[in-house]
Amino acid sequence: SQQGEEDPQALSIQEGENATMNCSYKTSINNLQWYRQNSGRGLVHLILIRSNEREKHSGRLRVTLDTSKKSSSLLITASRAADTASYFCATDSEQIFGNEKLTFGTGTRLTIIP
Amino acid sequence: DAGVIQSPRHEVTEMGQEVTLRCKPISGHNSLFWYRQTMMRGLELLIYFNNNVPIDDSGMPEDRFSAKMPNASFSTLKIQPSEPRDSAVYFCASSPRGHNSPLHFGNGTRLTVT
Chain A
18 SQQGEEDPQA LSIQEGENAT MNCSYKTSIN NLQWYRQNSG RGLVHLILIR
68 SNEREKHSGR LRVTLDTSKK SSSLLITASR AADTASYFCA TDSEQIFGNE
118 KLTFGTGTRL TIIP
Chain B
104 DAGVIQSPRH EVTEMGQEVT LRCKPISGHN SLFWYRQTMM RGLELLIYFN
154 NNVPIDDSGM PEDRFSAKMP NASFSTLKIQ PSEPRDSAVY FCASSPRGHN
204 SPLHFGNGTR LTVT
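Listed in order, the protein sequences are those of chains A and B. Counting along the first sequence from 1, when you hit position 39 you're at 56 in our numbering, and nothing is skipped either side. Counting along the second sequence from 1, when you hit position 37 you're at 140 in our numbering, and nothing is skipped either side.
Below, the structure is given as structure tokens:
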């Protein structure tokens with residue numbers, strides 16, 4: 018079963034607007050990651066937030082983490098057409114030999130309308 | 104850095120045939136992961152290796168699936184015999200050893216079994 022569930026499943030906004038995607042998970046985590054997937058391509062890592070962090074920024078990306086609610090949000094500000102992609106959250110359900118065994122959510126399909 | 108390289112990009116085969124997917128991880132990365140992506144089930148972890156040793160293959164759907172990593176620069180995922188329900192996009196990803204290291208994905212192999 019999926020550890021993370023993204024919400025909404027699909028989102029369409031006008032270019033220049035902000036896009037917010039949410040992720041909920043079920044078990045305790047050490048960190049949460051967000052990935053982007055363009056059509057026909059592999060996933061690309063965007064940002065990682067640790068369980069003891071509440072907010073993190075990277076360029077136009079802002080990620081928040083609320084461990085008490087077991088949820089995270091990804092905000093993309095000033096969206097561009099190139100941001101059109103699917104976005105996934107991933108949580109580490111267990112760690113073996115220091116490497117995460119990541120479990121991915123179901124993804125949010127983001128469409129930026131020019 | 105060439106990234107994770109997968110081949111072939113597309114594979115079309117008939118039911119019952121053997122299929123071999125190949126992956127070259129990023130040099131220096133000690134962990135390698137095989138994922139399968141479908142619309143119905145999303146991204147599923149099939150197996151992962153650490154230092155060429157299979158650590159967890161609990162995601163491998165059945166005995167028809169096997170994976171090897173004969174050295175640090177090469178891995179294969181084999182399906183024998185293939186079935187139509189194996190149709191999916193198969194991704195290979197690698198990560199460096201250590202905590203909180205993002206996964207680097209290849210562009211996947213789209214497998215169609217007719």
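We treat Cβ as the ideally placed atom computed from N, Cα and C, and that holds for glycine.
Assigned secondary structure, residue i (DSSP; H/G/I helix, E/B strand, else coil)
i: Asp-189(B); result: helix
i: Asp-83(A); result: strand
i: Lys-43(A); result: coil
i: Ser-204(B); result: coil
i: Glu-22(A); result: strand
i: Ser-56(A); result: coil
i: Thr-125(A); result: strand
i: Thr-217(B); result: coil
i: Met-118(B); result: coil
i: Arg-112(B); result: coil
i: Asn-48(A); result: strand
i: Pro-199(B); result: coil
Beta-carbon neighbours of residue i, restricted to chain B and to distances below 8 Å
i: His-74(A); result: Within 8 Å Cβ-Cβ: nothing; His-74(A) doesn't reach chain B, min ~17 Å.
i: Leu-78(A); result: The premise fails here: Leu-78(A) is roughly 14 Å from chain B at the closest Cβ pair, so nothing lies under 8 Å.
Span of the beta strand (DSSP E) around residue i
i: His-132(B); result: Unbroken run through His-132(B): none, as it is neither H nor E.
i: Ala-105(B); result: Per DSSP, Ala-105(B) belongs to no beta strand (DSSP E) and is neither H nor E.
Proximal residues of chain B, C-beta to C-beta of residue i below 7 Å
i: Leu-119(A); result: Leu-206
i: Leu-60(A); result: Phe-208
Contacts that residue i makes with chain A (C-beta to C-beta distance below 8 Å)
i: Leu-148(B); result: Lys-118, Leu-119 and Thr-120
Proximal chain B residues relative to residue i, where beta-carbon distance stays under 9 Å
i: Gly-124(A); result: Gly-145 and Leu-146
Quiz item: Which ranges does the beta strand (DSSP E) cover as unbroken runs of at least 3 residues, wholly within the stretch 133 to 189 of chain B, from first to last along the chain?
Solution: Those beta strand (DSSP E) runs which fall completely within the stretch 133 to 189 of chain B and span 3+ residues are 134 to 141, 145 to 153, 156 to 159, 168 to 174 and 177 to 182.
Quiz item: Which whole runs of the beta strand (DSSP E) in the stretch 58 to 103 of chain A are 3 residues long or more, in chain order?
Solution: 60 to 67, 72 to 75, 78 to 83 and 88 to 93
Self-check item: Chain-ordered residues of the stretch 118 to 138 of chain B with a beta carbon less than 9 Å from chain A
Solution: Asn-133, Ser-134, Phe-136 and Tyr-138
Quiz item: Just by C-beta distance, which residues in the stretch 35 to 59 of chain A are closer than 7 Å to chain B?
Solution: Asn-48, Gln-50, Arg-58 and Gly-59
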